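A.B. asks: Quick note: the sequence shown uses my numbering, first residue 393, plus one each step. A virtual CB, placed ideally from N, CA and C, is assigned to each residue, including glycine. As the structure is a computational prediction, the values presented were derived from the model and not from experiment.
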Amino acid sequence: MSALLSVVLVTGLSGAGRTSALKVLEDVGYEAVDNLPLSLMPALMAARDTEGRIAVGVDPRTRGFATEPLADAIAELEARDDVDLRVVFLDCDDDVLIRRFTETRRRHPLAADRPVADGIAIERQMLAPVRDLATAVIDTSSSSLAAFRENLISSLALQGDRAMTVTVVSFAFRSGLPREADLVFDVRFLANPHYVDVLRPRDGRDPEVGAFVAGDPGFAPFFDSLTRLIGPLLPRYEREGKSYLTVAVGCTGGKHRSVHVAERLAEWLKSTGTPVTLRHRDLPREAGGAQPTSIEQARKTQ
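Listed below in structure tokens is the structure:
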């Protein structure tokens, strides 16, 4: 019996990072092919190399591109017993895409004679059905290249383990929901260290800030309910073939409460043997800050 052919199909919005994704996949042993005409996909799948790993980039510039043929190609590959297919959809905020096209002075492939924003809107609508077929949706709006690489590798479980990888991300509601989130939890009901002068400069990774958040009477029952909810869901998601699950935890500023809860949730997931990646999307990069005295004194100032 021939070895299973691992195929990663990279698509998504133009300017969202498809070329960077293919370079990352090349680095981990995939043969990368960009803008392959869909009519040549079967021939490429037949021409296996010894490693049996192929990454294909597809976007509206691909010859013969249309949403329906692409969806058909995905369905055909998924139906094959000798192919392990994963589809990566790269998403990005419109304003970030506009800035990228402006800075590089590139034309949007669907906006040759109109504003970039029009091309993005057309492409987003065109690709919506393909996004729904994706194994992983990755938002590159605020990712550094290093963070994007880590996110892509973990989302596709490319480190030798096909068990579902869970990403826990903290975020600020005022900056919007993480686009890639599958489950979202709001922890703004917890006591907020922002209003405590001695704790405000620190973030949720700080032990005293963590003790303050966990000291809220509502924390323990919430966290217990959270783990009892997520625990049974994980094997069910995995049985459905999901290789990447993003759990987002939000508070107002994305600095204290959501960070601490995300840290605790990631720690709990690791204790269950679940592959987990932790990200703090909106954690301010602040240096130093006033040193708090003690958590007891901090609580008295609330």
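#1: What beta strand (DSSP E) runs, 3 residues minimum, are completely inside the segment 576 to 624?
#2: From the DSSP output, in three-state form, read off Tyr422 for me.
#3: Less than 8 Å between the beta carbons of Phe581 and Leu591, yes or no?
#4: Tell me, which residues are paired with His652 by DSSP?
#5: For the beta strand (DSSP E) that contains Ser562, what are its first and last residues?
#6: With DSSP as the reference, please indicate the residues paired to Cys484 in a beta bridge.
#7: Please state the DSSP three-state secondary structure of Arg453.
#8: Is the Cβ-Cβ distance between Val558 and Leu661 less than 8 Å?
#9: Taking all protein chains shown into account, do 16 or more other C-beta atoms lie within 10 angstroms of the C-beta of Tyr636, making it buried, or fewer, making it exposed?
#10: Which one or two residues does DSSP pair with Ala520 in a beta bridge?
#11: Are Leu430 and Leu469 close, meaning C-beta to C-beta below 8 Å?
#12: Got a sec, what are the start and stop residues for the beta strand (DSSP E) Leu670 sits in?
#13: Going by other Cβ atoms of all chains shown within 10 Å of its Cβ, with 16 needed for buried, is Asp483 buried or exposed?
#14: Helix, strand or coil for Thr411, going by three-state DSSP, please let me know.
C.D. replies: Straight from the coordinates:
#1: none
#2: On the sequence shown, position 30 is the one that residue 422 refers to. Coil, per DSSP.
#3: For the purposes of this step, residue 581 is identified with residue 189 of the sequence shown, where counting begins at 1. For the purposes of this step, residue 591 is identified with residue 199 of the sequence shown, where counting begins at 1. Against a cut-off of 8 Å, the Cβ pair of Leu591 and Phe581 comes out as no contact.
#4: Position 260 of the sequence shown, counted from the start, is the residue given in the question as residue 652. His652 is bridged by DSSP to nothing; it lacks a bridge partner.
#5: Along the sequence shown, read from residue 1 onward, the residue named residue 562 stands at position 170. Ser562 -> beta strand (DSSP E) spans 557 to 564.
#6: As a working mapping, residue 484 is identified with position 92 in the sequence shown. DSSP, once it has assigned bridges, lists no residue as partnering Cys484.
#7: As a working mapping, residue 453 is identified with position 61 in the sequence shown. If DSSP states are grouped into helix, strand and coil, Arg453 belongs with coil.
#8: The residue you call residue 558 lines up with position 166 of the sequence shown. The residue you call residue 661 lines up with position 269 of the sequence shown. Yes; because the gap between Cβ atoms is below 8 Å, this pair is in contact.
#9: Looking up residue 636 in the sequence shown gives position 244. Its Cβ being crowded by 16 or more others within 10 Å, Tyr636 is buried.
#10: As a position in the sequence shown, residue 520 is number 128, starting the count at 1. Bridge partners of Ala520: none, in fact.
#11: Reading the sequence shown from its first residue, position 38 is the one you call residue 430. Reading the sequence shown from its first residue, position 77 is the one you call residue 469. For Leu430 and Leu469, no; Cβs fall outside 8 Å.
#12: Looking up residue 670 in the sequence shown gives position 278. Per DSSP, Leu670 belongs to the beta strand (DSSP E) from 668 to 672.
#13: Indexing the sequence shown from 1 puts residue 483 at position 91. Answer is buried; the Cβ neighbour count reaches 16.
#14: If you number the sequence shown from 1, residue 411 lands on position 19. Helix, per DSSP.
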